[in-house]
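Per our numbering, the sequence shown runs over residues 14 to 319.
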Amino acid sequence: MEDIQSKLLKKSKKAKLEQFGKTISFIAILFIVVVVVAIFYFVASKGLATFFKDKVNVFDFLFGKEWNPGSVSESGKPLVGALPMIAGSFIVTLLSAIIATPFAIGAAVFMTEISPKLGTKVLQPVIELLVGIPSVVYGFIGLSVVVPAVRSVFGGSGFGILAGTFVLFVMILPTVTSMTVDALRAVPRHYREASLALGATRWQTIYKVVLRAAVPGILTAVVFGMARAFGEALAIQMVIGNASLMPHNLITPASTLTSVLTMGIGNTVMGTLENNALWSLALLLLLMSLFFNIVTRLIGKKGEMK
């Protein structure tokens, strides 16, 4: 009886293997959490040093219009106004998302509702190819094609928010399109069948049933595309002009948070005001990334409740 009881209580090989897999998964998840927390702590400790160590006013940093950390104003305050870069990042991101959204929805509707076979065979590989192109290639094409085109059509130097918007539009279009396609395909088939059975045309079904049912997924795709556009560095740096000035129009040189970071972070000494100010810009980028992730999750939860 004791032998039988010990055999029954003894874990089998499959149970041990399952426990081993759970342990490995827990360690991997714990490692990821530790890495994320460490990144947040490191960036926050460096970024907040501008305000606690160098005594820079938060209001002056966020809403100041002059960016020259190596100099001081007439009142003796360092010129670390980040508003030009913040405004440039938001303007370029919003404009590229506004332009990309109609094209993405149109392409997704064509691929899922109008010509699924052609979309799967032709457009899907093209979209996947566009997603895989490095950002430096987009930046080089923008520098060689978009900037001269903007210069010849609208005047000016060609560098500016308009050129950056066109480049980011092409960059985020495949991402938004791919996620929109997934959102449309996730709409149950019986929604379409019920609409057609009630006498609605195909276009009425697409517009009033399919697209409305896929709104949470489409909004998630747009926000995800905006997050990528907001964090893009190399491509936008090559076409925006990198002038730390408030953007007065779309064809004058401007700058973004990422372009200033990539240009200046390697040319400053760790621990100086110039370096700490750049880390403060990095902290802003990190917080905006967190904000986009939170918005995406809220949209997803809203879609689940429906």
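Where a beta carbon is used, it is the ideal one built from N, C-alpha and C, also for glycine.
Flag this pair as yes or no: are the beta carbons of Gly94 and Lys78 separated by less than 8 Å? As a working note, residue 94 is residue 81 in the sequence shown. As a working note, residue 78 is residue 65 in the sequence shown. Contact flag set, yes.
Roughly how many angstroms lie between the CA atoms of Met184 and Leu107, to the nearest whole one? Mapped onto the sequence shown, residue 184 falls at position 171. Mapped onto the sequence shown, residue 107 falls at position 94. Those two C-alpha atoms are separated by around 14 Å.
Suppose you measure from the CA of Val149 to the CA of Leu247; what does that come to, to the nearest Å? Looking up residue 149 in the sequence shown gives position 136. Looking up residue 247 in the sequence shown gives position 234. Whole-angstrom Cα-Cα distance: 6 Å.
Roughly how many angstroms lie between the CA atoms of Val48 and Leu211, to the nearest whole one? By 1-based counting over the sequence shown, the position of residue 48 is 35. By 1-based counting over the sequence shown, the position of residue 211 is 198. Each residue's alpha carbon lies about 54 Å from the other.
Residues of its chain near Ala121, where Cβ-Cβ distance is below 6 Å and the 5 sequence neighbours each way are ignored: Within the sequence shown, numbered from 1, the residue matching residue 121 stands at position 108. So the qualifying residues of the chain are Thr190, Thr193, Val194 and Leu197.
Rounded to whole angstroms, what's the CA-CA distance from Lys134 to Thr265? Just pull it up for me. To locate residue 134, count along the sequence shown from 1; it is residue 121. To locate residue 265, count along the sequence shown from 1; it is residue 252. C-alpha separation (whole angstroms): 42 Å.
Based on the DSSP secondary-structure assignment, which residues constitute the bridge partners of Pro91? Residue 91 sits at position 78 when you count from the first residue of the sequence shown. Partner(s): Val85.
Looking at the secondary structure, which residues open and close the alpha helix (DSSP H) in which Gly177 lies? The residue you call residue 177 lines up with position 164 of the sequence shown. Where Gly177 is concerned, the enclosing alpha helix (DSSP H) stretches over Ile174 to Arg198.
Helix, strand or coil for Ala267 per DSSP? As a position in the sequence shown, residue 267 is number 254, starting the count at 1. It is a strand residue.
Buried or exposed: which applies to Lys319, given that a residue is buried once 16 or more other Cβ atoms fall within 10 Å of its Cβ? As a working note, residue 319 is residue 306 in the sequence shown. Its pLDDT being 47, under 50, Lys319 is placed unreliably by the model, and the measurement read from it follows with that caveat. With fewer than 16 other Cβ atoms within 10 Å, it is exposed.
Relative to the alpha-carbon of Leu286, which residue among Thr114, Leu224 and Pro82 has its alpha-carbon at the smallest distance? Walking along the sequence shown from the start, residue 286 turns up at place 273. The shortest C-alpha separation from Leu286 is found at Pro82.
Which full runs of the alpha helix (DSSP H) of 4+ residues lie inside the stretch 205-251, going along the chain? 215-218 and 228-244
With contact counted as at least three CB pairs below 8 Å, one residue from each stretch, are the stretch 293-312 and the stretch 256-276 in contact? yes
Range of the contiguous alpha helix (DSSP H) that encloses Gly101: Here the question's residue 101 lines up with position 88 in the sequence shown. Unbroken alpha helix (DSSP H) run through Gly101: Leu96 to Val122.
Determine, using beta-carbon pairs with one atom in the stretch 151-164 and one in the stretch 242-259, whether at least three such pairs fall under 8 Å. yes
Quick one: Cα of Ser165 to Cα of Glu126, how far? Position 152 of the sequence shown, counting from 1, holds the residue named residue 165. Position 113 of the sequence shown, counting from 1, holds the residue named residue 126. Distance between the alpha carbons of Ser165 and Glu126: 39 Å.
Nearest to Leu143 (by Cα), restricted to the options Val180, Pro115, Gly171 and Arg215: Indexing the sequence shown from 1 puts residue 143 at position 130. Cα-wise, what sits closest to Leu143 is Val180.
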